[in-house]
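Data first, discussion second: the structure below is written as structure tokens.
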Ligand SMILES: [Zn+2]
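Numbering (the numbering used here), first residue to last: -9 to 177.
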């Protein structure tokens, strides 16, 4: 089996369209069962087409606005979990001299899950739909954001299949603001 890609990067033009993807992009798409997302199929398309949920789209737009308006680079940690692993990632977003915005995603570490956690995206939002944070991958089945394994307070929740919509939790929203204010001091 090929080793997991450790760094996945891409660039956006001023219209937020994907203009280049890094050499490990295709490997990442294929390993995540997403052959429809290989480079040749995403180049030329707007990034926001691939982002689920209005709140997450707004988050990414806010991030892009920051990078284009005086915060030349941002670093954010996030999760990109698979059913069997928690994957801790770092995203570095920077504005290049060419005007392109460069996203560099690096895998920091992984942890195995005790139980397989399957996540599916709900096409409809109901009053009781669980929200999953697109950044930290915590879920909010009731009123608190929790690891899916820890729902109900136990360390091994019996719920292993989640139907979710995507959003951004308050902690991750705050982290975006904090990382931008930490970097706005210009030299
Ligand atoms: Zn979060």
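We put the CB at the ideal spot given by N, CA and C, even for glycine. A quick note: this is a predicted structure, and the numbers were derived from the prediction, not measured.
For residue i, the nearest candidate out of the options (CA to CA)
i: residue 42; options: 85, 121, 131 and 86; result: 121
i: residue 72; options: 60, 103 and 85; result: 103
i: residue 67; options: 114, 27 and 77; result: 77
i: residue 182; options: 89, 101 and 159; result: Limits of the chain in this structure are -9 at one end and 177 at the other, which puts residue 182 out of reach.
i: residue 116; options: 148, 60, 154 and 109; result: 154
i: residue 123; options: 158, 114 and 91; result: 158
i: residue 59; options: 89, 40 and 109; result: 89
i: residue 166; options: 23, 63, 139 and 21; result: 63
i: residue 99; options: 69, 107, 108 and 19; result: 69
Where residue i sits in the DSSP three-state scheme
i: residue 71; result: coil
i: residue 62; result: coil
i: residue 6; result: coil
i: residue -4; result: coil
i: residue 85; result: strand
i: residue -9; result: With a pLDDT of 40 at residue -9, under the threshold of 50, the modelled position of that residue is not reliable, and the figure given next carries that caveat. If DSSP states are grouped into helix, strand and coil, residue -9 belongs with coil.
i: residue 161; result: helix
i: residue 91; result: strand
i: residue 96; result: strand
i: residue 45; result: helix
i: residue 50; result: helix
i: residue 154; result: strand
Alpha-carbon to alpha-carbon, residue j and residue i
i: residue 111; j: residue 47; result: 15 Å
i: residue 129; j: residue 156; result: 9 Å
i: residue 131; j: residue 93; result: 31 Å
i: residue 54; j: residue 14; result: 23 Å
i: residue 137; j: residue 127; result: 8 Å
i: residue 151; j: residue 87; result: 45 Å
i: residue 74; j: residue -2; result: 20 Å
i: residue 105; j: residue 51; result: 34 Å
i: residue 83; j: residue 28; result: 21 Å
i: residue 85; j: residue -4; result: 22 Å
i: residue 56; j: residue 162; result: 15 Å
i: residue 176; j: residue 65; result: In this predicted model, residue 176 has a pLDDT of only 45, less than 50, meaning its place in the structure is not dependable; the value taken from the coordinates is given anyway. Roughly 16 Å separates the two Cα atoms.
i: residue 91; j: residue 61; result: 12 Å
i: residue 45; j: residue 3; result: 22 Å
Point to revise | Contained beta strand (DSSP E) runs [length at least 3] in the region 99 to 136, N- to C-terminal order | key: Entirely contained in the region 99 to 136, the beta strand (DSSP E) runs reaching 3 residues are, in chain order, 108 to 111 and 120 to 123.
**Study point:** Entirely enclosed beta strand (DSSP E) segments - the region 5 to 40, minimum 3 residues
**Key:** As far as the region 5 to 40 is concerned, its whole beta strand (DSSP E) runs of at least 3 residues are 8 to 11.
**Study point:** Stretch-stretch touch, CB-based, cutoff 8 Å, three pairs: the region 4 to 11 with the region 33 to 50
**Key:** Touching, per the Cβ criterion.
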